[in-house]
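Accompanying notes for the structure given below.
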Amino acid sequence: MGRIKEGKLKIELQSDLCAGSGYSYAGIVDSDSCYDEYGMPYIPARRIRGCMRETAETLLYSIYDEHKVEALFGYRGNDHSSDFVIGNAYVEEYYEVRSDLEKLSIPEITSQSILDRYSHVVGQTRIEKGIADEGSLRYTRVINQYSPVREGENISFVAEISYDEEDESIIEDIVKATRHIGLKRNRGFGNVKMHLINQSKKEEKIQKDESFFDIREMQNGKVEISFALTNTAPLMLSNTDENTSRDYISGQQVLGFLAGRYLKNVEGANPDSEEFRTLFLNGETIYTNLYPFDGNYIYYPAPDYLNRLKKTKKLVYVLGDTLPEDASIDKEEYKYGDGNQPKKLKGRFASITNHNEVRLYETLKDVVYHHSHRNKHQIAEGNGEEGILYSMETLRKGQKFAGSIVAPKDKKDLILKLLSAGDLFFGKSKSAQYGKCKLIPFKGEKCSNKQEGVLVVTFLSDTIIYNTEGQPTVDYEDIRKAVAEQLGIPDNKEPNAYISSIQTTLATGYVGVWNLRKAVLPAIKAGSYLVLDNSASVSGFPQFVGERNLEGYGQVDIRTVDGMTYMSPVLKHDKDSINSSVLTKTTKELVIPIIFEQWLDERINKAIIDNKIKVSNTSAGRFVLMLKESTAAYRNNPDEAFMDFVKRIESIKSDATRKEGEKIYQSVGTSKGIGEGSPYMKETAVNSDKSSKWEEKFNAIGIEPSRISEEKKARWNEYVMALLVDRKYKGRD
0 MGRIKEGKLK IELQSDLCAG SGYSYAGIVD SDSCYDEYGM PYIPARRIRG
50 CMRETAETLL YSIYDEHKVE ALFGYRGNDH SSDFVIGNAY VEEYYEVRSD
100 LEKLSIPEIT SQSILDRYSH VVGQTRIEKG IADEGSLRYT RVINQYSPVR
150 EGENISFVAE ISYDEEDESI IEDIVKATRH IGLKRNRGFG NVKMHLINQS
200 KKEEKIQKDE SFFDIREMQN GKVEISFALT NTAPLMLSNT DENTSRDYIS
250 GQQVLGFLAG RYLKNVEGAN PDSEEFRTLF LNGETIYTNL YPFDGNYIYY
300 PAPDYLNRLK KTKKLVYVLG DTLPEDASID KEEYKYGDGN QPKKLKGRFA
350 SITNHNEVRL YETLKDVVYH HSHRNKHQIA EGNGEEGILY SMETLRKGQK
400 FAGSIVAPKD KKDLILKLLS AGDLFFGKSK SAQYGKCKLI PFKGEKCSNK
450 QEGVLVVTFL SDTIIYNTEG QPTVDYEDIR KAVAEQLGIP DNKEPNAYIS
500 SIQTTLATGY VGVWNLRKAV LPAIKAGSYL VLDNSASVSG FPQFVGERNL
550 EGYGQVDIRT VDGMTYMSPV LKHDKDSINS SVLTKTTKEL VIPIIFEQWL
600 DERINKAIID NKIKVSNTSA GRFVLMLKES TAAYRNNPDE AFMDFVKRIE
650 SIKSDATRKE GEKIYQSVGT SKGIGEGSPY MKETAVNSDK SSKWEEKFNA
700 IGIEPSRISE EKKARWNEYV MALLVDRKYK GRD
């Protein structure tokens, strides 16, 4: 195996492209292209990888051994992933524009309006015997060949790749030979030119400063290293249902990834060494689940005692065996009668401070579609199905997750080195499109909860408990006794007036080196809780109970029930501040046409509603013809086109018709040109600073006054045409 090299794959469009997403919208788009939540188009990495593999199998088997191609792209059932890793291909300006759009808060700039700048919808039909076949019309959204921000240039997509240095020559040949991507390649779409660029040897990553982590020394000779990351690609995290994704990154996955990085990066690493056993096998090091994180708070699975009223949506605590009398509740919105029953927050995450401030979180998910082909070996052996279309649920990119690693003090530096050695990858399909994450600074807030009196022990993660016979159990009595014993609390019965809640699940897993699933065990579901009486005032509780803590199982939160009354939860909303920094030149060129199209629509609607221009049906048709001729004669000069239109109007011999025409052009300017003070050009002040709502939006984008005037003048003919067409049809009425 050679050294890992990094580079970029540039894909330049030579025609329009449809990288199908699998979505359709009845009556509008039958085959949609892939784009993100901001409307920015991209080519999925698995699509690129699949097309490259198809090219290699079709064209290059005569040059390269087919086993070399198989090794490069990987195959089903392989016990390790390929070193050839490719990411989604985004338009060249993607990260620059996305950063600006995240800060921009203008209602007219929507994901659909951004998408419309990059794409258009084409209609196609099937021809039978020289005529269109009935019911065969289909609409496809395609990405434009030419860039909306660089006039005359083709759109280029760029994907990050890494590969083994020994595979460089075959990858270069495959890239050069790949000429088509996407749908309808035999209908003129998807023609591309691909280049491998910016090749360089992968340099040693600079270790992150310790400020990236929250490091806390513990009394048992260990350290807790808390850290956070964000997924820069969608995550497809294994779940009990293979078509859905977990809402969090499990401790098993963190352990597995770091174990693989240790064996690959640490010189002289040996899976049989004592150090490897300490870090990854014998339980001395614990890897917690990475749960959703908002930059300040970690969100754990919502506990069963935190409920939401069905109708009023108020949060309440339900810890007792009975609810308070409805009549005793002094706030109407908290009464649970008339169908306003408390409901558990299934599938939600919550952060609860010791002041009963509650923040809720729900992970963002997408459904993606993929199309799988059999390879040549499967076809020869008669295995697999041809052309399988399947869907997968993924966690949307750009979300944050946080957790911790509890390790012996002498392993702290090694853990930090492993975490900082580059991007982290979790879940399925890590070599193409999914799984990529990067570290971000962690500054989470920790709560020090009172731990005396009656306690509620909340299971923050799934928990495996063994009974006295050494068997996994979900029996309530076994669980209560085992947890109380591990916490050091004398065995006692559940305190009066409180009731525990134990939900069950199955603990599963996968051993990559064996290519086998782990044994399925019954477990306590995260969010369950026990109520215990700590009248003995035991302190110094452990953070984990049960078995397989090294994989993140058994993490608990312990707090007193004091103050946890029915109406005590307070829902908090943390609003993000909007950064009003000036947009980059590229983003301006992308959004300026959008904002002025919206401005023009409002201008046209206002003029039509005011109904100030009245011309006859015959005159309207004549003026439309004049307008088309003037615009065609001076296509790139709106001022000259306007003056030519004025001359044509003034040349009309009929006084009545000429006066009708004068009313038309006077809405835009005078006989001397387009006027800044005309109803078309002038803005109406709505604020005390005498600025209009559109001027505020132009300023937010950073458009210079000269550019504003230029953009308005460039659209005068569309404005006049809309008014004339409206009058023409109204004249018919």
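For the sequence shown, the residue numbers in numbering that gives the first Met the number 0 are 0 to 732. Where a beta carbon is used, it is the ideal one built from N, C-alpha and C, also for glycine.
Val-614 is classed as buried because its beta carbon has at least 16 other beta carbons within 10 Å across all chains shown. By the Cβ criterion, the region 295-312 is in contact with the region 326-345, since at least three pairs of Cβ atoms, one from each stretch, lie closer than 8 Å. In this chain, Ser-23 is not harboured by any beta strand (DSSP E), its DSSP state being neither H nor E. In the DSSP assignment, Pro-147 falls outside any alpha helix (DSSP H) and carries neither an H nor an E.
Between the region 650-667 and the region 613-630 there are three or more C-beta pairs closer than 8 Å, enough to call the two in contact. For Cys-436, the uninterrupted beta strand (DSSP E) run begins and ends at 435-439, by DSSP.
Minimum Cα-Cα distance from Ser-30 among the listed residues Gln-123, Leu-413, Tyr-286 and Leu-195 corresponds to Gln-123. Using a Cβ distance threshold of 7 Å, Thr-393 and Pro-233 count as a contacting pair. In the three-state reduction of the DSSP assignment, Gly-259 falls in the helix class, which pools H, G and I.
For Leu-344 and Pro-300, the gap between their C-alpha atoms comes out near 9 Å. Following the DSSP letters along the chain, one finds Asp-99 in no beta strand (DSSP E) but inside the alpha helix (DSSP H) bounded by residues 93-102. Closest in alpha carbon position to His-370, among Phe-641, Ile-387, Glu-171 and Ser-81, is Ile-387.
Just so you know, the alpha carbons of Leu-322 and Val-455 end up roughly 18 Å apart. Put simply, of Glu-717, Glu-53, Leu-59 and Thr-564 the residue whose alpha carbon is nearest the alpha carbon of Gly-319 is Thr-564. Sequence-distant Cβ neighbours of Lys-696 in its own chain, meaning closer than 8 Å and more than five residues away, are Ile-105, Glu-107 and Ile-594. Per DSSP, the continuous alpha helix (DSSP H) segment holding Ile-478 begins and ends at 475-486.
The region 123-137 makes no contact with the region 54-61: fewer than 3 CB pairs, one atom from each, lie closer than 8 Å. Within the same chain, Cβ atoms closer than 7 Å to the Cβ of Gly-187 are found at Ser-14, the five residues on either side in sequence being excluded. Within its own chain, the residues whose Cβ lies closer than 6 Å to the Cβ of Glu-152, once the five positions on either side in sequence are excluded, are Ser-146, listed in chain order. Arg-634 sits in coil when the DSSP states are folded into three classes, being neither helix nor strand. Looking from the CA of Ile-3, the closest CA among Glu-167, Tyr-93 and Ala-88 belongs to Glu-167. Counting C-beta pairs with one atom in each stretch, the region 247-263 and the region 277-293 have three or more that are closer than 8 Å, which means they touch. The distance from the Cβ of Val-357 to that of Met-391 is about 32 Å, inconsistent with a contact at the 8 Å cut-off. Rounded to the nearest angstrom, the Cβ distance from Ser-708 to Glu-675 is 7 Å, consistent with a contact under 8 Å.
Contact annotation: Val-191 and Ile-173 have beta-carbon atoms that are not nearer than 7 Å. Residues of the same chain with a CB within less than 6 Å of the CB of Ser-618, apart from the 5 flanking positions on each side, are Thr-656 and Glu-659 in chain order. Restricted to the region 656-703, the alpha helix (DSSP H) segments that are unbroken, complete and at least 4 residues in length are 692-700, listed in chain order. The bridge partners DSSP lists for Thr-57 come to none. Looking at the backbone, the Cα of Cys-17 and that of His-194 are separated by about 20 Å.
If you draw a straight line from the Cα of Cys-436 to the Cα of Phe-424, it is about 6 Å long. Sequence-distant Cβ neighbours of Arg-516 in its own chain, meaning closer than 6 Å and more than five residues away, are Tyr-509. CA-to-CA, the gap between Arg-558 and Glu-273 works out to about 37 Å.
As DSSP reads the structure, Ser-403 sits in a beta bridge with Ser-225. A residue is called buried when at least 16 other Cβ atoms come within 10 angstroms of its Cβ; Ile-42 meets this threshold and is buried.
7 Å or more divides the Cβ of Leu-722 from the Cβ of Ala-631. DSSP lists Val-453 as the beta-bridge partner residues of Asp-532.
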